[in-house]
Ligand SMILES: [Zn+2]
């Protein structure tokens with residue numbers, strides 16, 4: 063049997079992860095001091111991307127740069143989500159965890175003051191983000207709090 067030699071093979075039509083090779087391109091990529099030819103590939107998302115043979119054959123999951131970026135940040139979120147027992151995915155995306163008077167998680171009507179309050183539970187602590195006459199303002203405050211805590215949380219764990 064002939065040994066697989068990726069540099070000599072024509073990869074046209076072959077699939078690598080999310081990429082299917084369309085054919086050879088004029089483009090070349092850098093490998094230290096020399097350059098290597100790049101294959102024109104189409105990603106499952108529809109993007110056209112150019113990859114060298116080694117990038118296609120050595121990568122676990124080949125995809126375009128845009129998908130790779132999304133994939134990396136998704137992984138980062140997943141990893142961050144289980145740090146210190148705070149599941150970020152729930153914090154940010156699951157609005158059905160608790161139902162309350164406003165229908166929006168963390169925003170509820172305070173009968174005593176007659177105002178809408180915005181709250182956020184983060185790392186087991188319940189924080190108050192003020193009370194508002196308008197439900198929209200309370201929702202806005204809650205959303206803003208969510209975003210800033212979410213970003214801060216990612217920042218903290220990104221640097222570790
Ligand atoms: Zn893609």
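Numbering (my numbering), first residue to last: 63 to 222. The C-beta atom is built at its ideal place from N, Cα and C for all residues, glycine as well.
Measuring from the CB of residue i, is there a heavy atom of ligand 1 at a distance below 7 Å?
{"i": "residue 106", "result": "yes"}
{"i": "residue 103", "result": "no"}
{"i": "residue 125", "result": "yes"}
{"i": "residue 92", "result": "no"}
{"i": "residue 109", "result": "yes"}
{"i": "residue 128", "result": "yes"}
From what residue to what residue does the alpha helix (DSSP H) around residue i run?
{"i": "residue 118", "result": "115-120"}
Am I right that residue i and residue j are in contact with their C-beta atoms under 8 Å? What's the rounded C-beta distance?
{"i": "residue 195", "j": "residue 206", "result": "Rounded, the Cβ-Cβ distance is 17 Å, inconsistent with contact."}
{"i": "residue 192", "j": "residue 182", "result": "No, residue 192 and residue 182 are not in contact; Cβ-Cβ is about 11 Å, not under 8 Å."}
{"i": "residue 103", "j": "residue 113", "result": "6 Å"}
{"i": "residue 88", "j": "residue 109", "result": "Contact doesn't hold; Cβ gap of about 18 Å is too wide."}
{"i": "residue 79", "j": "residue 125", "result": "6 Å"}
{"i": "residue 91", "j": "residue 81", "result": "Incorrect: roughly 15 Å between the Cβ atoms, too far for contact."}
Assuming residue i is part of the beta strand (DSSP E), what are its boundary residues?
{"i": "residue 91", "result": "81-93"}
{"i": "residue 189", "result": "187-194"}
{"i": "residue 126", "result": "Unbroken run through residue 126: none, as it is neither H nor E."}
{"i": "residue 105", "result": "96-105"}
{"i": "residue 72", "result": "Segment: none, residue 72 is in no beta strand (DSSP E) and carries neither H nor E."}
{"i": "residue 169", "result": "169-172"}
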